[in-house]
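What follows is a single structure, written as structure tokens, with notes after it.
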Ligand code: KIV
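Rendered as structure tokens:
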């Protein structure tokens, strides 16, 4: 299946073009050069240095202990080997508490090789997004289940059910209005994610949000079928079992995302 001109490096403006052209985006997390090289060479469009590294690499129970220095270290390792994929790095918990802190942290991540930073939530984060975008730092927003809110949410749960659906749609429009170029939707019912996708001009990337999103992301340990030591969410699929090798797993995942066959109903929340 043809990809982004097959070998052209991704840019931020090309993401919105992909949405306009109806081309699905394939994203994975990565934390080191070896896996990042394999993902990049086998058709992944976007790589995320997720603060999920706190759980899958460092062994914590949440993403809260992750620091900017941790993200910068893994960003630099991955950035050294990428040829084509766009590199997105998470602003970890607390690093986006004020616009000024977020700018300093983002600068560090861009200096390490990131091309976009990801920010969880809306509300006061809208000012943070605006502050960064005005200073030429591309932003990916993250709504739905925002793992940095685990203490206030009381666990990792599906979001946007019932009356919360309209709030999530309004937040999605607001983060785009503030300047976000990409939106990750985590653990939201598929019909709601499809509505949000239709509402906004920038691509949505789903994780547990159904096939109606403009692209998909998985945490690499989940995608490779590794036991993370945590409860396995419904949307996780072991592509290594299907692909037979890391390269084969990436190709199977990328093909399924581009064909719209992943996630199927078994790996999504209907309501
Ligand atoms: O930290 C992370 O890996 C993420 C993905 C789950 C989207 O935010």
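Residue numbers (the working numbering): -2 to 268.
No residue lacks a Cβ here, since even glycine has one placed at the ideal position from N, Cα and C.
Minimum C-alpha distance to residue 95 - residue among 261, 119, 163
The residue you call residue 95 lines up with position 98 of the chain shown. Nearest Cα to residue 95 within the set 261, 119, 163: 119.
- request: Check whether the Cβ atoms of residue 12 and residue 179 sit closer than 7 Å, and answer yes or no.
  value: Taking the first residue of the chain shown as 1, we reach residue 12 at position 15. Taking the first residue of the chain shown as 1, we reach residue 179 at position 182. If you check the CB distance, residue 12 and residue 179 come in under 7 Å.
Please state whether DSSP places residue 86 in a helix, a strand or coil.
-> The sequence position of residue 86 within the chain shown is 89, counting from 1. Residue 86 carries a strand assignment under DSSP once its states are collapsed to helix, strand and coil.
Report task. Can you tell me which of the three DSSP states residue 22 falls into? Result -> Taking the first residue of the chain shown as position 1, residue 22 is located at position 25. Judged by DSSP in its simplified three-state form, residue 22 adopts strand.
Using 8 Å as the cut-off, can you tell me whether the segment 78 to 91 makes contact with the segment 42 to 54, which would need three or more C-beta pairs spanning the two stretches below that distance?
These segments touch.
Q.
Using 8 Å for Cβ pairs, my map puts residue 214 next to residue 24. What's the rounded Cβ distance?
A. The count along the chain shown starts at 1 and reaches residue 214 at position 217. The count along the chain shown starts at 1 and reaches residue 24 at position 27. The pair is a contact, with the Cβ atoms about 4 Å apart (cut-off 8 Å).
Report task. Verify the contact flag: residue 49, CB atom, against every heavy atom of the ligand KIV, threshold strictly below 6 Å. Result -> Against the chain shown, residue 49 aligns to sequence position 52. For the ligand KIV, at least one heavy atom lies less than 6 Å from the Cβ of residue 49.
Next on the checklist: Is residue 216 close to the ligand KIV? I mean its beta-carbon at under 6 Å from any heavy atom of the ligand.
Outcome noted: Here residue 216 refers to the residue found at position 219 of the chain shown. Yes.
Out of 218, 202, 79, 244, which one is the CA nearest neighbour of residue 259? Mapped onto the chain shown, residue 259 falls at position 262. Relative to the Cα of residue 259, the nearest Cα in the group 218, 202, 79, 244 belongs to 202.
*Should the segment 175 to 190 be regarded as contacting the segment 134 to 147, the criterion being three or more beta carbon pairs within less than 8 Å?*
Output reads yes: the segment 134 to 147 touches the segment 175 to 190.
* Compute the minimum distance between the beta carbon of residue 204 and the heavy atoms of the ligand KIV, and state whether it is under 6 Å. => What you label residue 204 is simply residue 207 of the chain shown in a count that begins at 1. Annotation for residue 204 indicates a beta carbon within 6 Å of some heavy atom of the ligand KIV.
*Compute the Euclidean distance between the alpha carbons of residue 131 and residue 101, then round it to the nearest angstrom.*
Residue numbering aside, residue 131 sits at position 134 when the chain shown is read from its first letter. Residue numbering aside, residue 101 sits at position 104 when the chain shown is read from its first letter. Straight-line Cα distance between these residues: approximately 14 Å.
| request: Return helix, strand or coil for residue 139, following the three-state DSSP convention. | output: Residue mapping note: residue 139 aligns to position 142 of the chain shown, counting from 1. It is a strand residue.
- If you pair each beta-carbon of the segment 54 to 61 with each one of the segment 241 to 250, do three or more pairs fall below 8 Å? With a cut-off of 8 Å, the segment 241 to 250 and the segment 54 to 61 do not count as touching, because too few Cβ pairs lie within range.
Helix, strand or coil at residue 240 [DSSP, three-state] | Against the chain shown, residue 240 aligns to sequence position 243. Looking at residue 240 - three-state DSSP - the assignment turns out to be helix.
| query | What does DSSP give as the partner residues of residue 115 in its beta bridges? | reply | Working through the chain shown from its first residue, we reach residue 115 at position 118. The bridge partners DSSP lists for residue 115 are 87, 137.
Q) Thinking C-beta only, is residue 41 closer than 7 Å to residue 99? A) Here residue 99 refers to the residue found at position 102 when the chain shown is read from its first residue. Here residue 41 refers to the residue found at position 44 when the chain shown is read from its first residue. In this structure, residue 99 keeps its C-beta atom at 7 Å or more from the C-beta atom of residue 41.
> CB residue 78 to CB residue 33, shorter than 7 Å?
Replying inline: As a first step, residue 78 must be located in the chain shown, where it is residue number 81. As a first step, residue 33 must be located in the chain shown, where it is residue number 36. For residue 78 and residue 33, yes; Cβs fall inside 7 Å.
Checklist line | Whole-angstrom distance between residue 152 and residue 190, CA atom to CA atom | finding: Taking the first residue of the chain shown as position 1, residue 190 is located at position 193. Taking the first residue of the chain shown as position 1, residue 152 is located at position 155. For residue 190 and residue 152, the distance between alpha carbons rounds to 21 Å.
Select from 234, 206, 210 the residue whose C-alpha is nearest the C-alpha of residue 219. Position 222 of the chain shown, counted from the start, is the residue given in the question as residue 219. Per the C-alpha coordinates, the member of 234, 206, 210 positioned closest to residue 219 is 234.
* If you follow the beta strand (DSSP E) that residue 223 is part of, which residue opens it and which one closes it? -> Numbered from 1 along the chain shown, position 226 holds the residue referred to as residue 223. Counting along the chain, residue 223 falls outside any beta strand (DSSP E), and DSSP gives it neither H nor E.
request  = Specify the secondary structure class of residue 197 as computed by DSSP and reduced to three states.
outcome  = Counted from its first residue, the chain shown places residue 197 at position 200. Here residue 197 carries a coil assignment [DSSP, helix/strand/coil].
| Do residue 211 and residue 61 have their C-beta atoms closer together than 7 Å? | For this step, residue 211 is matched to residue 214 along the chain shown. For this step, residue 61 is matched to residue 64 along the chain shown. With respect to residue 61, residue 211 sits apart: the two C-beta atoms are not nearer than 7 Å.
> In this structure, does DSSP put residue 43 in helix, strand or coil?
Replying inline: By 1-based counting over the chain shown, the position of residue 43 is 46. Here residue 43 sits in strand by DSSP.
Review point. Does any heavy atom of the ligand KIV sit closer than 6 Å to the C-beta of residue 26?
Key: Against the chain shown, residue 26 aligns to sequence position 29. Because some heavy atom of the ligand KIV lies under 6 Å away, the Cβ of residue 26 counts as near it: yes.
Can you tell me whether residue 254 is helix, strand or coil according to DSSP?
On the chain shown, position 257 is the one that residue 254 refers to. Here residue 254 carries a helix assignment [DSSP, helix/strand/coil].
Given 6 Å as the limit, tell me if residue 199 has its C-beta closer than that to any heavy atom belonging to the ligand KIV. For this step, residue 199 is matched to residue 202 along the chain shown. Residue 199 Cβ: outside cutoff for every heavy atom of the ligand KIV.
Rounded Cβ spacing between residue 75 and residue 29 (contact assumed at less than 8 Å) = Counting from one through the chain shown, the residue named residue 75 turns up at place 78. Counting from one through the chain shown, the residue named residue 29 turns up at place 32. With a Cβ gap of about 7 Å, residue 75 and residue 29 count as contacting.
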